[in-house]
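Asker: I have a structure here, written as structure tokens, and I will follow up with some questions on it.
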Ligand code: ADE
């Protein structure tokens, strides 16, 4: 699968794209491509944004700039990109990212993430996208953190990226847990400052451990 991220701040992804599960995805043939809108702007002085019609604070990312970047990356009319790819605008106005949506995005086709900045992208971006996605009911300064959260949730679901697939299935919010949070995890030491790991987890009784974990999920 190919993942494209459009942003004014590609350097924001430098650390993220070196993470082990991204490397694992690349080793399986998945691609991660960053495009800086500014590299493709048709405007002079590398302009990418403008003041909002009707007045108001902030700057808005121009739709002609977004179209030019998409066309440079994919070699087709910007409106046609969504014919073969899922094109997502990251915006607080979007559908909230959750486990089922991450699974849907991981099922393909190739994914394009459009990051806004400032006051966001000109509303006419709706002509270019298949989806608008939010990572939560709050306003971030730009879409980059939201794009990383989306890439993270989606990449983990690609077959073979996480070496133990059971850990993906049993993760928080997976359907198997009926939308509930995952059970608690503990590791050594068994006791620290008087804080003890539940006895049942140290018992070696797998059936009891499973029962205890299911109970914890229900409680949460
Ligand atoms: N851009 C700004 N805030 C955002 C949010 N909550 N989710 C996705 N993109 C955003």
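In this note's numbering, the protein residues as written are 1 to 220.
Quick reminder that beta carbons are idealized off the backbone N, C-alpha and C, glycines included.
#1: Under the rule that 16 or more other beta-carbon atoms within 10 Å means buried, what is residue 217, buried or exposed?
#2: Take residue 125 and list the residues in its own chain whose beta-carbon comes closer than 8 Å to its own, dropping the five residues that flank it on each side.
#3: Buried or exposed for residue 7, going by 16 or more other Cβ atoms inside 10 Å?
#4: Just reading off the alpha helix (DSSP H) that residue 151 is part of, what are its end residues?
#5: Thinking C-alpha only, which one of 2, 46, 44, 9 is nearest residue 25?
#6: Please report the residue range of the beta strand (DSSP E) in which residue 89 lies.
#7: Just how far apart, CA to CA, sit residue 119 and residue 61?
#8: Check whether the Cβ atoms of residue 116 and residue 143 lie closer than 9 Å to each other.
#9: If distances are taken between C-alpha atoms only, which option among 161, 95, 109 comes closest to residue 138?
#10: Would you identify the three-state DSSP class for residue 50, choosing helix, strand or coil?
#11: Is residue 44 near ligand 1, judged by its Cβ being under 8 Å from some heavy atom?
#12: Taking 8 Å as the cut-off, does the region 48-59 touch the region 181-190 (at least 3 CB pairs, one atom from each stretch)?
#13: With C-beta atoms as the reference, is residue 157 less than 9 Å away from residue 108?
#14: Take the Cβ of residue 20 as the centre, count every other Cβ of all protein chains shown within 10 Å, and call the residue buried at 16 or more, exposed below.
#15: If you follow the alpha helix (DSSP H) that residue 129 is part of, which residue opens it and which one closes it?
#16: Along the chain, where does the beta strand (DSSP E) that runs through residue 13 open and close?
#17: Contact between the region 65-80 and the region 23-43: three or more CB pairs below 8 Å?
#18: Taking 8 Å as the cut-off, is the beta-carbon of residue 7 closer than that to any non-hydrogen atom of ligand 1?
Answerer: The short version:
#1: Here residue 217 refers to the residue found at position 217 of the chain shown. Buried: at least 16 other Cβ atoms inside 10 Å.
#2: Counting from 1 along the chain shown, the entry for residue 125 is found at position 125. Excluding residues within five positions, the ones whose Cβ falls inside 8 Å are 63, 66, 89, 114.
#3: Taking the chain shown and counting its residues from 1, one reaches residue 7 at position 7. Buried.
#4: Taking the chain shown and counting its residues from 1, the one referred to as residue 151 is at position 151. Taken as a continuous stretch (DSSP letters only), the alpha helix (DSSP H) holding residue 151 covers 144-155.
#5: What you label residue 25 is simply residue 25 of the chain shown in a count that begins at 1. Nearest C-alpha to residue 25: 2.
#6: Against the chain shown, residue 89 aligns to sequence position 89. Residue 89 -> beta strand (DSSP E) spans 86-96.
#7: Along the chain shown, read from residue 1 onward, the residue named residue 119 stands at position 119. Along the chain shown, read from residue 1 onward, the residue named residue 61 stands at position 61. For residue 119 and residue 61, the distance between alpha carbons rounds to 8 Å.
#8: Working through the chain shown from its first residue, we reach residue 116 at position 116. Working through the chain shown from its first residue, we reach residue 143 at position 143. Yes, the pair counts as a contact, with Cβ atoms nearer than the cut-off.
#9: Here residue 138 refers to the residue found at position 138 when the chain shown is read from its first residue. Nearest option by C-alpha distance: 95.
#10: The count along the chain shown starts at 1 and reaches residue 50 at position 50. Strand at residue 50.
#11: To locate residue 44, count along the chain shown from 1; it is residue 44. Using a cutoff of 8 Å, the CB of residue 44 does not count as near ligand 1, since none of the ligand's heavy atoms is closer than that.
#12: They do not touch, by the three-pair rule.
#13: Along the chain shown, one-based indexing puts residue 157 at 157. Along the chain shown, one-based indexing puts residue 108 at 108. No, Cβ-Cβ distance for residue 157 and residue 108 is not below 9 Å.
#14: The sequence position of residue 20 within the chain shown is 20, counting from 1. By the beta-carbon neighbour count (other beta carbons within 10 angstroms, threshold 16), residue 20 is exposed.
#15: Your numbering for residue 129 matches position 129 in the chain shown. DSSP places residue 129 in no alpha helix (DSSP H); its state is neither H nor E.
#16: In the chain shown, counting from the first residue as 1, residue 13 sits at position 13. No beta strand (DSSP E) holds residue 13; DSSP gives it neither H nor E.
#17: yes
#18: Your numbering for residue 7 matches position 7 in the chain shown. It does not: the Cβ of residue 7 is nowhere closer than 8 Å to a heavy atom of ligand 1.
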